[in-house]
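The numbering used here puts the first residue of the sequence shown at 3, with every later residue one more than the last. Beta carbons are placed, not taken as given, at the ideal position from N, Cα and C, and that holds for glycine. In what follows, a single structure is set out as structure tokens and then discussed.
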Amino acid sequence: MFEPLVANLITSAARSITGARSLWLGCEPQRRQRIYFANHSSHGDFVLLWASLPPALRKLTRPVAGADYWQKSPLRRYIINRVFNGVLIDRERKEPVDNPLQPMLDALENGDSLIIFPEGTRNLEDGLLPFKSGIYHLAKSYPQAELVPVWIANLNRVMPKGRFLPLPLLCTTSFGAPLNLEEGESKEQFLERSRDALLALAPEHS
């Protein structure tokens, strides 16, 4: 009952603190099934990206997050499960036979869009870490969904590690042109192409 109100409070606070603006450079905010993939420098990344979507698209879009972090406390579990309807991934893979992509594939089959971070972990430096292979396997297994690169600028500088109050810097989320896996494209080629598409949205590469 209260989850929509909590979501609105969190997203409003995120946009107010960061002065966030959305730049739709390569696509429009359409009601289409998409996999938004972004750079990852903060636990607040998915909140800001989700808040950057129009309200109608937020209802259809689920952030993908690591279960090991978000299951640690009742508050985190409430936020990721009840407020954001997140897709939790077991990054520790206690059972080797488990497919870590299955929760994401199930969400896509259900008609949801996803927010993913192909670097796989937070990157506190500039640029991008090498992409994990998950984005390739998603593109191969579910070609119906568009893959949209999204560069999140300045969020790691608004709330740097060890600081309790945010700095007054403008954050932007830049949405690029959709990608799809091309016929005959190898995993290595696709990972390089998708990484280049995301990196091209960074301010220093614009």
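* To do: Put P205 into one of helix, strand or coil per three-state DSSP.
  => If DSSP states are grouped into helix, strand and coil, P205 belongs with the helices.
* Leaving out five residues on either side along the sequence, give the residues of the same chain with a beta carbon under 7 Å from the beta carbon of R79. => Result list for R79: W72 and Q73, in chain order.
* Asked: What number of angstroms, rounded off, separates the C-alpha of I37 from the C-alpha of P102?
  -> I37 and P102: Cα-Cα distance of roughly 16 Å.
* Asked: So, are the CB atoms of A147 and L201 less than 8 Å apart?
  -> L201 is positioned such that its CB atom lies no closer than 8 Å to that of A147.
* **CA nearest to the CA of V8, picked from D114, P132 and A53** => Nearest Cα to V8 within the set D114, P132 and A53: A53.
* Asked: What first and last residue would you give for the alpha helix (DSSP H) that runs through I137?
  -> Looking at the DSSP string, the run of the alpha helix (DSSP H) that includes I137 is G136 to S143.
* **Proximity to F39 [Cα-Cα], best of L181, E190 and P151** => Checking every option, the nearest Cα to that of F39 belongs to P151.
* Close-in-space but distant-in-sequence residues of the same chain around S115 (CB under 6 Å, 5 per side omitted) -> Correct list, in chain order: Q35, R36, L62 and T63.
* Asked: Buried or exposed: which applies to N41, given that a residue is buried once 16 or more other Cβ atoms fall within 10 Å of its Cβ?
  -> A buried status is given to N41, since no fewer than 16 other beta-carbon atoms sit within 10 Å of its beta-carbon.
* Mind listing, in chain order, the continuous alpha helix (DSSP H) runs of no fewer than 4 residues lying wholly within the region 60-103? => Here the runs fully enclosed are 69-72 and 76-79.
* Between which two residues does the alpha helix (DSSP H) harbouring L51 extend? -> Taken as a continuous stretch (DSSP letters only), the alpha helix (DSSP H) holding L51 covers D47 to S54.
* **Whole-angstrom distance between D198 and A179, CA atom to CA atom** => Going from the Cα of A179 to the Cα of D198 covers about 12 Å.
* To do: Could you check if S44 is buried or exposed, using at least 16 other CB atoms within 10 Å of its CB as the buried criterion?
  => With 16 or more neighbouring CB atoms inside 10 Å of its own CB, S44 falls in the buried class.
* Asked: If we ignore side chains and look at the alpha-carbon of each, how far apart do A16 and A141 end up?
  -> Roughly 30 Å between the two C-alpha positions.
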